[in-house]
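See below for the structure under consideration.
Below is the structure:
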């Protein structure tokens, strides 16, 4: 493990001038931070007991919530269906890759489900490093791995080390791992571009990053119901659902971190719940409870909670079962490779040898049907 | 600190179950309140659905007191 920890001493090869400049810059930053901290708004926030006033999410509270979520999930005998579905869709992308990834890192989120998915030598994974901010989640992952190992021949579950670490401060040396998977972890990170940059640096050349984040449309119904109820009950609106990245931002995040061949695709699930209360319970089980730093009072007052639940029930009732409600989950699946000399570059304009028309004809000849997906029944049957 | 627990589940579980079933028992009032809000979209002001909310709350409190024990 020690070879994977970033060096804490400054690099000895730097010249004295560069080191002096760096120290001067750090001192200037500290001075500016001190000056800002004396302003009244910062003082108010500090007095309200906030950890770092400039962060959106309270990471320590999120760790506590994830501890509780781990307790809840431990009593389930199988993984949560939504988490399992999302994880399978994410890991399915590994099947499209020809390379194998001996060392994999699992970053937070639905970690224990990802670990189960990577077992059995999938994508050539031999060693796994499981990182999480929550001790409870690591314990849960250890338990699940042991159960899985008991059901299979020895060597099925890859050798795993468990590290208590924050995604924003990755304790990984540059160019040390082949695969990093973050399934539903990044939308609670304060500095997503910074984390993605650290991920890119930690990957070896031609390493792969797989990420699944919740997108802007997720639980939009809950957001709207809470806002309406607050507006009617209290005359003002404060955020109870965290801000989520929009789909258009996901591509920018990947290119900004200099990950090559970025892809983003979006899946939208609509789930049916018996009431708003069961939606909130499910969110709590998945570790998605609210961890925003800025909260008026101590959360929803009872009147407002009642109003929000009633508004949700009547505004977003399910079409099929009228007394149930609907909730949307928009999941953005992102992939990116760390650049290397063998990364394929975009072709020069005008260098195409085949036209799209010819490609479409060729695909149709091989059984694809233009337009609808269920049209190609004959080719599907022959594949089965 | 581990969550407080008794035979019927943790305190927060019981509260949530009582909340959910009380709300389900008052579905008529809840629908009325929701309709009032949706009629006034997007200009919802403070207290514009006060009457509907009060009838919902009365129904809810009655149901909740009955269920809080179990």
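Residue numbers (the UniProt record's numbering), protein chains in the order written: chain E, 1 to 384; chain R, 1 to 70.
Ideal Cβ placement from N, Cα and C applies to all residues, glycine included.
Distance CB(residue i)-CB(residue j) smaller than 8 Å
i, j, result
"residue 132 of chain E", "residue 111 of chain E", "yes"
"residue 304 of chain E", "residue 230 of chain E", "yes"
"residue 104 of chain E", "residue 90 of chain E", "no"
"residue 228 of chain E", "residue 336 of chain E", "no"
"residue 72 of chain E", "residue 285 of chain E", "yes"
"residue 306 of chain E", "residue 65 of chain R", "no"
"residue 221 of chain E", "residue 312 of chain E", "yes"
"residue 257 of chain E", "residue 349 of chain E", "no"
"residue 277 of chain E", "residue 309 of chain E", "yes"
"residue 184 of chain E", "residue 242 of chain E", "no"
"residue 330 of chain E", "residue 214 of chain E", "yes"
"residue 289 of chain E", "residue 283 of chain E", "yes"
"residue 18 of chain R", "residue 68 of chain R", "yes"
"residue 63 of chain R", "residue 28 of chain R", "no"
"residue 164 of chain E", "residue 198 of chain E", "no"
"residue 351 of chain E", "residue 259 of chain E", "no"
"residue 60 of chain R", "residue 37 of chain R", "no"
"residue 271 of chain E", "residue 82 of chain E", "yes"
Given residue i as reference, the closest of the options once Cα atoms are compared
i, options, result
"residue 85 of chain E", "E:96, E:116, E:103", "E:116"
"residue 267 of chain E", "E:216, E:313, E:238, E:240", "E:216"
"residue 326 of chain E", "E:354, E:279, E:345", "E:279"
"residue 181 of chain E", "E:114, E:319, E:65, E:202", "E:114"
"residue 166 of chain E", "E:77, E:30, E:290, E:107", "E:107"
"residue 147 of chain E", "E:203, E:176, E:22, E:78", "E:78"
"residue 240 of chain E", "E:294, E:365, E:362", "E:294"
"residue 44 of chain R", "E:351, E:233, E:63, E:357", "E:233"
"residue 88 of chain E", "E:122, E:67, E:188", "E:122"
"residue 190 of chain E", "E:129, E:245, E:261", "E:245"
"residue 125 of chain E", "E:149, E:160, E:145, E:152", "E:160"
"residue 186 of chain E", "E:324, E:363, E:332, E:20", "E:332"
"residue 344 of chain E", "E:206, E:324, E:351", "E:206"
"residue 157 of chain E", "E:143, E:164, E:169, E:168", "E:143"
"residue 58 of chain E", "E:92, E:188, E:145, E:226", "E:188"
"residue 300 of chain E", "E:203, E:196, E:226", "E:226"
"residue 314 of chain E", "E:20, E:176, E:224", "E:224"
"residue 176 of chain E", "E:219, E:261, E:128", "E:128"
"residue 130 of chain E", "E:149, E:150, E:120, E:109", "E:109"
"residue 60 of chain E", "E:287, E:363, E:204", "E:287"
"residue 30 of chain R", "E:323, E:363, E:368, E:334", "E:323"
"residue 13 of chain R", "E:342, E:281, E:317", "E:281"
"residue 97 of chain E", "E:247, E:218, E:195, E:179", "E:179"
With 16 other Cβ atoms within 10 Å as the buried cut-off, status of residue i
i, result
"residue 359 of chain E", "exposed"
"residue 25 of chain E", "exposed"
"residue 319 of chain E", "exposed"
"residue 340 of chain E", "exposed"
"residue 353 of chain E", "exposed"
"residue 347 of chain E", "exposed"
"residue 54 of chain R", "exposed"
"residue 357 of chain E", "exposed"
"residue 152 of chain E", "exposed"
"residue 34 of chain R", "buried"
"residue 265 of chain E", "exposed"
"residue 52 of chain R", "buried"
"residue 94 of chain E", "buried"
"residue 10 of chain E", "For residue 10 of chain E, the predicted model reports a pLDDT of 44, less than 50, meaning its position is unreliable and no value from the coordinates is stated."
"residue 262 of chain E", "buried"
"residue 69 of chain E", "buried"
"residue 20 of chain E", "exposed"
"residue 365 of chain E", "exposed"
"residue 150 of chain E", "exposed"
"residue 196 of chain E", "buried"
"residue 17 of chain E", "exposed"
Discussion item. For the segment 205-216 of chain E against the segment 124-138 of chain E, do three or more pairs of beta-carbon atoms, one drawn from each stretch, fall closer than 8 Å, so that the two count as touching?
Written reply: With a cut-off of 8 Å, the segment 124-138 of chain E and the segment 205-216 of chain E do not count as touching, because too few Cβ pairs lie within range.
Fill in: Members of the segment 71-89 of chain E that neighbour chain R once the beta carbon cut-off is set at 9 Å
Listed in sequence order: 71.
Discussion item. What are the residues in the segment 30-43 of chain R lying within 7 Å of chain E by C-beta distance?
Written reply: Listed by position along the chain: 30, 31, 33, 34, 35, 37, 38.
Discussion item. Beta carbons nearer than 8 Å to chain E: which residues of the segment 45-66 of chain R have them?
Written reply: Only those residues of the segment 45-66 of chain R whose C-beta falls short of 8 Å from the nearest C-beta of chain E are listed: 45, 46, 47, 48, 49, 53, 56, 57, 60.
Worksheet item: Using Cβ-Cβ distances below 7 Å, what residues of the segment 12-26 of chain R are close to chain E?
Response: The segment 12-26 of chain R vs chain E, Cβ under 7 Å: 16, 19, 20, 23, 24.
Fill in: Selection of the segment 304-317 of chain E by Cβ proximity to chain R, strictly under 7 Å
The segment 304-317 of chain E vs chain R, Cβ under 7 Å: 306, 307, 309, 310, 311, 313, 314, 315.
Worksheet item: Got a sec: which bits of the UniProt domain "Methyltransferase type 11" (115-210) of chain E sit with their beta carbon under 8 Å from any beta carbon on chain R, in order along the chain?
Response: If the cut-off is 8 Å between Cβ atoms, the UniProt domain "Methyltransferase type 11" (115-210) of chain E has nothing near chain R.
Fill in: Against chain R: residues of the segment 322-346 of chain E by CB proximity under 9 Å
Cβ contacts with chain R come from 323.
Worksheet item: Using Cβ-Cβ distances below 7 Å, what residues of the segment 280-291 of chain E are close to chain R?
Response: For the segment 280-291 of chain E, which is checked against every Cβ of chain R, the residues closer than 7 Å are 281.
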